[in-house]
Each structure stands twice: as C-alpha cells, then as structure tokens.
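Working notes for the structure below.
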Amino acid sequence: MKRWLWLLPGLAAGVGLGLLIGWVIAPVTYYDTIPAQLHPLYQDEYVRLVALTYDVTQDLDAAREDLAALNPDEPTGPLQTLTERLIAEDAPPDVIAPLARLAKDLGAATPVMVPYVQETP
Amino acid sequence: MRTHWIVLIGLALGLALGLYYAWVINPVQYYDSVPNQMVPRYRSRWIQMTAFAYGHTGDIERTRLRLHRLPDGEIRQGLTDALETAVETGVPPSTLGKMASLAKRYDAQSPAIAIYTDDGDGMVVPTAETTMPVSGTAALPEPSPTATSLPPSPTPTINPAQFSIVPTLTPPAPSYVITNVVRTCLPEPRIAVSLTQQVSVTVRGESGLETQGKPNVEIWLLWPEGADRAITGFRPSQGLGYADFYVEPMKTYNLYIESPTGAPLTDLTVDPCETQEETTWSSWLLTVRSTEVISP
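Just so you know, the sequences run in chain order A and B.
The opening residue of the first sequence carries number 0 in numbering that gives the first Met the number 0; numbering runs sequentially from there.
The opening residue of the second sequence carries number 0 in numbering that gives the first Met the number 0; numbering runs sequentially from there.
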C-alpha cells in the first residue's frame, strides 16, 4: 500500500508538465480571431480605417457592417468612444473629422463632435 | 508492481490532467490579437480598408505598420480588390492614383493598377493638357484601311490644326469588327463597348463557335482635345467585355481597340436627340467582335 504513495509525486510532476506544455510551450493559439478580439490599439486603428474608408467610398452600409464586427450589440459605440477620446486628447482635426463625419451619418454624433462635422463653405 | 512504474503512471495521469486543464478548461485567452491572426475575411477587409485609408491620407508609414506581418499574397489581392472597388464606385482619380501606387509598391499587378498608377506611365486624364497625337484619319467619318495621312476632315467642329499627324507606316490588320450599334438618348451621354470573341467549342462531337465577352482589352476614345481609355471587364455585371465612357455633347470621338494608333474602328458623334421633353444626347452601345477565333 505504501508503495502507491509514489503515484502522488508522479501525478504532481505530470500536472506541472501538462500545464507547462499547455500554457507555455504549446498554448492554444487563436489564428481565427475577429476584430473584437484585437488589441485595443488595433481596435482603435480598425475604427479609424472604417471612417477613412467611408470618407472615400461613402458606403454607409459597409461602414455599419464593419463597425458591427467590433461590437455587434452597439456598432457605433467604439466609434463614439474613440472620437470623443481623441477630441479630449486634442488630436489633429484631420484625424477626428472622418470619425465625426461617420458618427454623424450613422446618427451617433455627440455635441462635442459638432465642430468637426460642419460643412466647409 | 515496481515503484518506477507507479511513478510513471502518476506522471502520465498528471500530464493528461494538466493538458486537459490548460487546453480545455482554462486555455490561454487571446484578447489582444493582431490583424494577421484574424480570420481571412477580416484580414482581407483590413487590407482593403488600409488601401482606402492610404488613398485618403497618403500616409505610407502608417500604411506599412497596418500591413505589417500580413501575408504578401493577401496584401496584393486586397490592394487590387480595393482599387477595383474604388474604380467601380467612382472614387476621384487622385485617390485612385494613390491606391494604385500603393498596390504597385507591394508588387500587385492588374489593368487598373497599370492605368491609375500616378508615376507618369499610366493614367490618362482627358484634359486639354493631355492632347494625344492621333493619326491623320482621326476626323474621318469612315474607318480607313490604311493610316496614310489624308486631308483633314471638313467637319466644322474639329480644327485640323489641333492634330499632330503621325502617319503609321505599317498599320496592323483590322482585328475587330462592329457587329451591332445601338443608339439611345440620355441626359448624360455615354459611349459603351461590348467586346466579344469567338471560342471554338466541341459539344457531343460537333464543333461550333461560342461568343464570349473579352476582358482586359484597352478601349480608347480620342477627340481633338484629348483622350481617354478604359479596360473591358471592370463591370462584370455588364459582361466581361464591357467598358464605357461618359462623353460630352456635340463632340466627335474616334474609337480604337487595344491601341490608339492607325485607323480608328469608327467615329461617333454625340449630337442632340430630337425630343421635346428634355435635352438628351446620343449615346452609343457598340458590340464589337474580335476576328480571332480562340481555340481552347
């Protein structure tokens, strides 16, 4: 009976080895992620790309669909958040304007965005 | 049972438990992924949006970062697709030029890239400054089989002094024939060409010819003040051999296929239509067939 106690150190070493392999050496890798799983910096970049693309193509449906890939429940949420943050950070107007224009066309513009969406004469 | 076997059994059981926990129950979470880890559909969209953004801003450094570590083949395809979408949606030429240059920088190749790349060897913008030299037959109402310099046309709307007479000594044999001409009246006149080719096919032992659209062929329009060209096949919904141009009223255009040299295939005048409801102009749809028969 005493001999079976030797199972425990083997078990402990096996669990440790399993965790080492599973978490460090060969962790589960996600190569099929979606925009919502991007690093926050890339998510910001994604929103900027959507806005700049909309500025060129004027395809509002495509812009809405692209934003929904980031947040299906509230597609305009990340757009509003990024735009307001950039305004608060005093980012250059040419960075903010495409975002604000898209927010306006999606009916998601907030008061702070108004100066950036006014038509130029 | 010997002690080392018991240790090994424990090790195996523990390894199985550890892997199950690490891979299934509590796997590493990737919430901070990067663009090249996204599913192909989103990677492709990311690349296309990057192309549009570059067309808008021209910021090459940021574009490089956005495309960093994405597969080269996907980048080339995405940039090409974005440019073709932009062409179809009527994006301004300056933006198309930037997008084409970006695609070229990444070694992408397509007719649209060749046309719109803004490095001086591609895009032809029909302005007064880009007058193209045309053959001496440009103003003639009927195509000439040779490109011998002929007297200027008496047509009052075209000033012969505006032409550079470039005689072509050995013009290529005509390889296209007009098989159908449709004239319609539109407020915004257009000239459209549907280019076809015949392909020999054999069905159940019987050979025959099948008519298909012919894509990737340059269609040229020349007029006294300039020139424009289009590539067939950019509107697949209209057919693989389709290309069209917006044209200006009261002008005569010379149509060329493949190359704006030698005799034009025909000339077309955008004259007013006789309707009383609104001002409309002649628009032309020409069906043109290649005389070459393609064998599969």
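For each residue, glycine too, the CB sits at the ideal point set by N, CA and C.
- Going by C-alpha positions, valine 46 (chain A) is about 14 angstroms away from isoleucine 46 (chain B).
- By the Cβ rule, the stretch 64-83 of chain A counts as touching the stretch 30-46 of chain A, because three or more pairs are nearer than 8 angstroms.
- Nearest to leucine 101 (chain B) by alpha-carbon distance, out of B:Gly89, B:Leu82, B:Val86, B:Pro92, is B:Leu82.
- Counting only unbroken stretches of 4 or more residues, the alpha helix (DSSP H) elements lying wholly within the stretch 67-125 of chain B are 71-87, 92-104, 110-115, in sequence order.
- In the DSSP secondary-structure assignment, glycine 212 (chain B) is bridged to B:Thr195.
- From the beta-carbon of glycine 76 (chain A), no residue of chain B is found nearer than 7 angstroms; the closest lies around 17 angstroms away.
- Among the residues of chain A, those whose CB is under 9 angstroms from the CB of histidine 55 (chain B) are Leu51, Thr52, Asp54, Val55, Pro97, following chain order.
- The beta-carbon of phenylalanine 51 (chain B) is placed less than 8 angstroms from the nearest beta-carbon of chain A.
- Proximity of chain B to proline 92 (chain A) at the Cβ level (cut-off 7 angstroms) is not reached, the minimal Cβ distance being about 13 angstroms.
- Taking proline 186 (chain B) as reference, the option from B:Tyr115, B:Met249, B:Leu194 with the minimal CA-CA separation is B:Met249.
- Contact annotation for leucine 105 (chain A) against chain B: no contact, minimum CB-CB distance about 16 angstroms [criterion: below 9 angstroms].
- Listed along chain A, the residues sitting closer than 7 angstroms to tyrosine 41 (chain B) by beta-carbon distance are Ile33, Pro34, Ala68.
- About 12 angstroms separates the beta carbons of glutamate 257 (chain B) and glutamate 291 (chain B), which is beyond the 8 angstroms limit, so they are not a contact pair.
- The beta carbon of proline 8 (chain A) falls within 8 angstroms of a beta carbon belonging to chain B, placing the residue at that interface.
- Leucine 239 (chain B) carries a coil assignment under DSSP once its states are collapsed to helix, strand and coil.
- Per the DSSP secondary-structure output, methionine 37 (chain B) pairs in a beta bridge with A:Thr32.
- In the DSSP assignment, glutamate 88 (chain A) falls outside any alpha helix (DSSP H), carrying neither H nor E.
- DSSP, read as helix, strand or coil, puts serine 32 (chain B) in strand.
- The Cβ atoms of threonine 286 (chain B) and threonine 178 (chain B) lie closer than 8 angstroms to each other.
- If you look at alanine 61 (chain A), you'll find it in the alpha helix (DSSP H) that goes 59-67.
- Under the criterion of beta carbons closer than 8 angstroms, threonine 52 (chain A) and methionine 48 (chain B) qualify as touching, at roughly 5 angstroms.
- It is roughly 11 angstroms from the alpha-carbon of tryptophan 3 (chain A) to the alpha-carbon of glycine 9 (chain A).
- DSSP links valine 181 (chain B) through a beta bridge to B:Leu284.
- Taking all protein chains shown into account, proline 92 (chain B) has fewer than 16 neighbouring C-beta atoms within 10 Å of its C-beta and is therefore exposed.
- DSSP, read as helix, strand or coil, puts proline 271 (chain B) in strand.
- Beta-carbon to beta-carbon, glycine 13 (chain B) and alanine 12 (chain A) are separated by about 6 angstroms, close enough to satisfy the 8 angstroms threshold.
- Glutamate 64 (chain A) and leucine 78 (chain A) have their alpha carbons spaced roughly 13 angstroms apart.
- Residue-level contact check: valine 86 (chain B) does not touch chain A, since none of the beta carbons of chain A fall below 8 angstroms from its beta carbon.
- Each of B:Ala15, B:Tyr252, B:Glu205 was checked against the Cα of threonine 268 (chain B), and the nearest Cα belongs to B:Tyr252.
- Among the CB atoms of chain B, none fall inside 8 angstroms of the CB of aspartate 72 (chain A).
- For alanine 107 (chain B), same chain residues with a beta-carbon under 7 angstroms away, outside a window of 5 residues either side, are Arg75, Leu78, Thr79 in chain order.
- Below the 9 angstroms Cβ cutoff, chain B contributes Val6, Gly9, Leu10, Gly13, Leu14 as neighbours of alanine 12 (chain A), in chain order.
- Against chain A, the CB of threonine 2 (chain B) has a partner CB under 8 angstroms away; the residue lies at that interface.
- For the C-beta of aspartate 60 (chain A), not a single chain B residue is nearer than 8 angstroms; the gap to the nearest is close to 13 angstroms.
- Glutamate 277 (chain B) sits in coil when the DSSP states are folded into three classes, being neither helix nor strand.
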